[in-house]
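Residue numbers (the UniProt record's numbering): 1 to 1199.
Below is one structure, written out as structure tokens; comments come after it.
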Amino acid sequence: MHLKRLEIQGFKTFASRTILEFRAGITAVVGPNGSGKSNLADAVRWVLGEQSLTNLRCKRSEELLYAGGGRRAPAGFAEVSLTVDNSDRLLPVEFDEVTLTRRTTRAGESEYLLNRTRVRLRDLLEVTAPLGGSYTIINQGLVDAALTLRPEERRKLFEDAADLGGFELRKAEALRRLRETEGNLQRLGDLLAELEPRLRVLKRQAAQARQYHEYAAELALLQQQYYVELWGAALRMTAQTRADLQVAETHLTEARTGQAGVTAELQALRSSLRTRRDELGALHQQSSLLHRQAETVQRDLAVGNERVAALARRTEDLERQRHELALRQAQAEQQHAEAIAETRQTEAELAEREQALREVETELAGRADEVQALVRALREAEEAALRTTRAAAEAHARLEQINAQTQRLARETSELEASIAQAEAHVASSTEQVADARAQVSYAETARHEAATAEQALRHDIETLRQHYAQADEQRVTARRALADVEARFESLSRLARSYTGTFAGVRAAMQWAERTQRQGFALVQSLIRTPAELETALEVALGSRLQNIVVEQWSDAEAAIAELKQRDVGRATFMPLDTLRVNESDQRPLTFDDEAVLGVAADLVAYDAPYRPVVEQLLGRVLIVRDLSTARRELRRLRTGWNIVTLQGEQVNSGGSLTGGARTKESGALRRERELRELPAQVAAARQNVEAADTLRVQLDTQLKTLNGQLREVEGRTRESQRLLETARSGVAAAERRLAQAEQERTWAAQRRERLDSEHQSLDMQQHEVRLRLGEVENTAHATEVTLAELRTRQAHEASNDRLVQERLAGLRTEVATTRQRLRAAEQLRNNHAQSLALVQRQTSELDQAALSLRDERDALAAQHERHEALHTALLTEIDQLRQRIDPAEAALHNDEANVRQLEAHEEAATAHLLAMEAAQSKAALDAQRAADRQEALFERAAADGVNLEHVATSDAQAGPAIDATHLQASIEALKTKILRLGAVNQLALEEYETTAERQRFLATQLADLRAAGATLLELIGELDEAMNHRFTTTFHAIAAEFEQSFTRLFGGGSARLILTSTARQNGQASNGTEPETVDTRSLGVEIIARPPGKKQQNIALLSGGERSLTATALLFAILTVHPTPFCILDETDAALDEANVGRFREALQHLTNQTQFILITHNRGTIEAADTLYGVTMGDDGASKMMSLRIEQYIEG
């Protein structure tokens, strides 16, 4: 895929419609500054969907339109169209050629088109996602930013290279959907919160309406039958109670036997069911493991298919490149043959000219011997004269030097004597300083050791104290928590007591009335009795509802409270006025209880205040507390009528012989709460004392810790001061030793210098005598040499006139030969260049062949691996099928067992219910038999009082049909009347409205569960996307890092560089070399660049020069393009900071990348322009509009 065409109209400086045609390879755009070259890059960026005006180099959207200039009016719209060759289907659309268009007007209207069809911005971004990321359009700012960005910001380049854009879009979409799901959850929660109070109200009203209908129908029936059946039921009861009791006992025995059998069978079946479930669970676990393995193999197969497809695409690319290389090879061979022919022709011309040159040189050589002899003689004479003159000058100069050196030696000798004396003084002074400094070091070391010892001891004490402080702090927290628990319990119980929670409505209303009217002496029985904890259950059973009896001081108080309850109609209450209560003193209790299982009379086992003795005696004076039922049965024989026996477990036996018991009694806890209310104030006080003690200890330890910390800081200060003094003393010793060594060295140098000065003075005297003798001899030789030189110069002038003509002819021939040789060298250079090009093409062809072989081997390996995965997948599926054949029968058997268990549980439940019914029936029959006569007599009296003729009713009963339980009927009628009165006003439409609202609530609850499941799925998807992005980023980073090292070396001609991953959460800039564990989230990692240009040490990029920084950034961008090439890349003056040598390497790197990326260069650099296949020039007229001109390099060269 590559760019084919760019059409611009009205965009920035391009007022007229401008069309740029692009070909594969490199296209260069040149022009003066301000002509609008960079606007081409902005146009491409804009049409690809860029929304940031900053990236488009403008502040307002109006600046995107041509603003006008000169006589040209401003443009009314801006439109850019980019045509892309999509034959390889890189873009996800079914078109071989795709044209992207973006248009905006001054009115602010904007539209996007895909092949002239309007689309959304989102659709355009999805289509252009494969075109690359932030490095598709690279300007000079991006080059700088690649280095100046923080490591975590620089990773954006690598994310684009890893193609994370699609993942980010999917993640953003998932997050958006997750936010919508959370919003919907919130709304559903609000709806449910609104419905629930209304639903509770409707439910209560519906229950009231339903009960009202039921009560009304039942009451009408009962009232119709009541007076007809009441007397007959009473008569039959007397005759039937005894028979009913025998039948009930028989049924009870049978029910117990049946229930025990069903329970045993159910236990056996449940044990078998647990075993079968364990076996089935193991099979399901094995099946899940096989399914996971099969899914893993399936994913491997999918990955293998994708790799095979990628290898196929790479093979096609290699074939295309091989074809292109074959064409280039043929062209190079033709050019090489032409260069060889031209070289041979030039060699023939050179041979002819060299032959003519040799003939002239032969002629000149004949005369050269005579001229050469004359020249040698003249040169020797001149040299001799020059030597004598030089020797004389040297002799005079040497004499002057010797005189100056003699004077210098005299001055230096005088100064050296003074230096020797000064050096001796320095040595003595430095020796004393060294001794003093060493003494100071010894003192400082002693002080530092003492301070360090004290500091270590203090630190040990502080650490011990800190441990104690931590323990005290834990104790304080524990004490505060205990205090809070006790206070919360006390407050809760006090609040319950104040609000009379759990009491009857009448009792609660009476107590609250007494509090409002400030009546004294009102108290509940439960608050007056102080009961041991082990007797609370027994006493609550014995007292029952009488715990809520209200004790008052006077009868009038009770009357007033009852009047208040009647007036308000809020219930009933039982009052016990202290002034009217009587205790029968003649009622004697058993004298002794020999059995230890008899705890005693309840009134004697509890504590109370003396004024309340009548209350306790009346309620508990005839209640005996025993440990168990067997003891109660023994004691029952000794007690008279009117006594009750209660066991510690809550079973109750009355003096008539009946007993009540069964499941553990669920007592109200009133006595326990009262006991806790009495005990909790002491517990609160004790807990507060513990907290205060813990706080005091913590404050003491904190004070001690602060004191020790202050001492530690003082000792640390002394330690630092002693260390500073020690370092200062050691520095002083070193400085004094250096000064002593320097002084001794100076003294040694001075002595050696004085010896050298004496030796030099003697040598100068001898040299002065020798130079004067040599000067006389030189002056005599110079006179004879000048005479000989004059004769030779006369002969040379005559011979030079004859040779001038021959030399002119020789020079012409040599010029022709040199020109011909230059042409020959150029032809040979051209031939060598063609040969190198041909060798390069052959080498590239060989590399492509090797790559094709490698691809074929990799494809074969993938095919073998794919076959193994297929076989493994088939085997896993077979195992899964076999396992399913074992699971299905096991599940069927399990379902059968579960059905049997449910059936047996139903049977057990029915048997248990039947047993309970039989027990209740037996107890009821016993009670009925005992009280039948009393009820019959009472019924007769009540009927007579109500004016009912029972004899007539009995006669009618015989004719009416089967008898009905009159006692139950009467109670039901009274209860129904009371219930109907308590229902109050009833909403008759509540039933229908409740059903509708409940159905809506169930629907919303279902939707809420679905949304929560969808939210969990989205969170799982986001996690998978994060994991995939981490993997792709890590893989791409390693590939780019390896390529960056090579790219850096190529562009710099040496040196080294590397990329490292840095964590923003790490301290001190610690970096990772890219080998982070798989669990590390790469989103928290940045990318740091470390570079070492040739001849320099490794350093951070911030310390590089401007050109080095630009070249480093270019190496990074080229590495990214190599690893993850984009279809095209626009470089906007990225080579501006490079010198000529670096531009050459930059150009070679560009040419290397043209096989996979189409480049558009905006540049001023001639060296970069040389690599272009197509050249566009941009100029700007007086109207501020940019104009284009183009040049195709190949056509220009051919022309």
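Cβ atoms here follow ideal geometry from the backbone N, Cα and C, with glycine treated the same way.
Can you tell me which of the three DSSP states residue i falls into?
{"i": "Ser87", "result": "coil"}
{"i": "Asn115", "result": "coil"}
{"i": "Val699", "result": "helix"}
{"i": "Gln988", "result": "coil"}
{"i": "Ile529", "result": "coil"}
{"i": "Ala960", "result": "Bear in mind that the predicted position of Ala960 carries a pLDDT of just 47, short of 50, making it too unreliable to give a figure here."}
{"i": "Tyr212", "result": "helix"}
{"i": "Gln745", "result": "helix"}
{"i": "Lys706", "result": "helix"}
{"i": "residue 1200", "result": "A query on residue 1200 cannot be resolved here, the shown segment of the chain reaching from 1 to 1199 and no further."}
{"i": "Leu327", "result": "helix"}
{"i": "Leu65", "result": "strand"}
{"i": "Phe22", "result": "coil"}
{"i": "Gly600", "result": "strand"}
{"i": "Asn654", "result": "strand"}
{"i": "Glu94", "result": "coil"}
Our contact map puts residue i next to residue j with C-beta atoms below 8 Å; I'd like the distance itself, whole angstroms only.
{"i": "Gln298", "j": "His1031", "result": "In fact, because the Cβ distance is near 19 Å, the residues do not count as touching under 8 Å."}
{"i": "Asp569", "j": "Glu553", "result": "Asp569 to Glu553, Cβ: 26 Å. No contact."}
{"i": "Leu677", "j": "Ser494", "result": "7 Å"}
{"i": "Arg5", "j": "Ile26", "result": "Contact flag wrong, Cβ pair sits at about 17 Å."}
{"i": "Ile1162", "j": "Lys37", "result": "5 Å"}
{"i": "Ile1060", "j": "Ile1090", "result": "7 Å"}
In angstroms with no decimal places, state the Cα-to-Cα distance between residue i and residue j.
{"i": "Ala1136", "j": "Thr1034", "result": "33 Å"}
{"i": "Ala1113", "j": "Asn709", "result": "53 Å"}
{"i": "Gly947", "j": "Ala239", "result": "Here the model assigns Gly947 a pLDDT of 45, short of 50, so the residue's position is not dependable, and the following value carries that caveat. Rounded to whole angstroms, Gly947 to Ala239 spans 26 Å at the Cα level."}
{"i": "Val541", "j": "Arg481", "result": "36 Å"}
{"i": "Pro3", "j": "Asp85", "result": "Note on identity: in this sequence residue 3 is Leu, with Pro being the wrong assignment. If you take the alpha carbons of Leu3 and Asp85, they lie about 6 Å apart."}
{"i": "Val247", "j": "Thr241", "result": "10 Å"}
{"i": "Leu877", "j": "Glu870", "result": "11 Å"}
{"i": "Gly108", "j": "Glu50", "result": "16 Å"}
{"i": "Asn1068", "j": "Thr1062", "result": "Any answer about Asn1068 is weak, because its pLDDT of 41 lies below 50 and its placement is not dependable; what the coordinates show is given next. Cα to Cα, the separation comes out at about 11 Å."}
{"i": "Glu1170", "j": "Val30", "result": "12 Å"}
{"i": "Ala9", "j": "Glu21", "result": "Position check: residue 9 holds Gln in this sequence, whereas Ala was assumed. Looking at the two C-alpha atoms, the distance is approximately 15 Å."}
{"i": "Ala393", "j": "Glu400", "result": "11 Å"}
{"i": "residue 1250", "j": "Val551", "result": "No answer is possible for residue 1250: the residues shown for the chain start at 1 and end at 1199."}
{"i": "Glu445", "j": "Leu705", "result": "29 Å"}
{"i": "Glu354", "j": "Leu374", "result": "29 Å"}
{"i": "Arg438", "j": "Glu716", "result": "25 Å"}
{"i": "Arg200", "j": "Leu1008", "result": "20 Å"}
{"i": "Ala129", "j": "Leu157", "result": "15 Å"}
{"i": "residue 1206", "j": "Gly1181", "result": "The requested residue 1206 is not part of the displayed model; the chain covers only 1 to 1199."}
{"i": "Val953", "j": "Leu565", "result": "Unreliable placement is indicated for Val953, whose pLDDT of 47 sits below 50; no coordinate value is reported for it."}
{"i": "Ala797", "j": "Met766", "result": "47 Å"}
{"i": "Glu995", "j": "Ala207", "result": "12 Å"}
{"i": "Ala687", "j": "Gly502", "result": "29 Å"}
{"i": "Ala693", "j": "Leu671", "result": "33 Å"}
{"i": "Arg868", "j": "Arg859", "result": "14 Å"}
{"i": "Thr815", "j": "Ala827", "result": "18 Å"}
{"i": "Arg1147", "j": "Thr1134", "result": "12 Å"}
Can you name the residues that DSSP bridges to residue i?
{"i": "Pro577", "result": "Val552"}
{"i": "Glu79", "result": "Gln9 and Arg103"}
{"i": "Val787", "result": "Val787 is not bridged to any residue."}
{"i": "Arg1058", "result": "Ile1090"}
{"i": "Val1178", "result": "Met1188"}
Exercise. Counting Cβ pairs, one atom from each stretch, are 3 or more of them under 8 Å apart for the stretch 328-339 and the stretch 99-107?
Worked result: no
Exercise. Taking three-plus beta-carbon pairs below 8 Å as touching, is the stretch 412-420 in contact with the stretch 784-797?
Worked result: no
Exercise. Taking contact to mean at least 3 C-beta pairs separated by less than 8 Å, is the stretch 650-658 in contact with the stretch 624-634?
Worked result: yes
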